[in-house]
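K.L.:
Adding 27 to a residue's 1-based position in the sequence shown gives its number in our numbering.
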Amino acid sequence: MGGETLIAGGGALDHASLITLEQANEEIAKAPFVSWWDLSVKSVEHGCASVLLPFRKDLLRPGDVLHGSSYEVASDVAMWVAIMTVVGIAPMAVTIEMKTSFFKGAKANLIAEAKVLKLGRRVTFGQAEVYSDGVLVAHSTLSYAMPANQGG
Numbered sequence: 028m029g030g031e032t033l034i035a036g037g038g039a040l041d042h043a044s045l046i047t048l049e050q051a052n053e054e055i056a057k058a059p060f061v062s063w064w065d066l067s068v069k070s071v072e073h074g075c076a077s078v079l080l081p082f083r084k085d086l087l088r089p090g091d092v093l094h095g096s097s098y099e100v101a102s103d104v105a106m107w108v109a110i111m112t113v114v115g116i117a118p119m120a121v122t123i124e125m126k127t128s129f130f131k132g133a134k135a136n137l138i139a140e141a142k143v144l145k146l147g148r149r150v151t152f153g154q155a156e157v158y159s160d161g162v163l164v165a166h167s168t169l170s171y172a173m174p175a176n177q178g179g
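1. Roughly how far, in whole angstroms, is the beta-carbon of G95 from the beta-carbon of V143, given that I think they are within contact range, below 8 Å?
2. Ordered along the chain, which non-local residues of its own chain (more than five positions away) have a Cβ less than 7 Å from that of V162?
3. Between which two residues does the alpha helix (DSSP H) harbouring S102 extend?
4. Mind reading off the beta-carbon distance from A135 to S159? Whole number of angstroms is fine, and I expect it under 8 Å.
5. My parser needs the beta strand (DSSP E) runs of 3 or more residues fully inside the region 53-89; what are they?
6. What does M119 pair with, by DSSP beta-bridge criteria?
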């Protein structure tokens with residue numbers, strides 16, 4: 028398929044992650060915005076990652092639910108880490124498109140679970156689901172531009 032590797036549904040998810048949980052947390056800590064959001068990586072598997080965004084009152088919008096950008100930053104970082112589980116450390120894999128559907132307002136920690144759907148040489152596609160107290164509160168589809176030396 029033109030140098031592209033299918034991840035989900037392509038049988039590649041049984042491989043080990045190319046980064047450890049510790050490496051994932053070290054890599055995201057290099058991005059200054061991560062410390063402000065207090066994000067942390069909770070799990071990594073080949074093609075998948077989960078990220079925790081702890082509840083904070085300063086992230087509330089009117090109605091006392093977390094602002095939508097909270098869901099999106101958790102999804103975005105989880106997807107970035109999921110990509111790194113497949114290609115290795117990739118600080119320059121950057122979001123080029125993101126669409127989020129919000130299902131429910133959250134009033135507790137957010138957990139974003141991301142999965143690489145298709146790894147391409149130039150563009151990688153994935154999805155993320157955001158949970159709060161075990162309830163699905165948002166779903167995102169994401170596209171990432173890949174650095175010239177990485178990708179499928």
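Using N, Cα and C, we set each Cβ at its ideal position, and we do this for glycine too.
P.N.:
The short version:
1. Actually they do not touch by this definition, with Cβ atoms about 24 Å apart.
2. Cβ neighbours of V162 beyond the five flanking positions: K131.
3. For S102, the uninterrupted alpha helix (DSSP H) run begins and ends at G95 to V114, by DSSP.
4. Right, their Cβ atoms sit about 5 Å apart.
5. 67-72 and 75-80, all fully within the region 53-89.
6. The secondary-structure analysis by DSSP pairs M119 with nothing; it has no beta-bridge partner.
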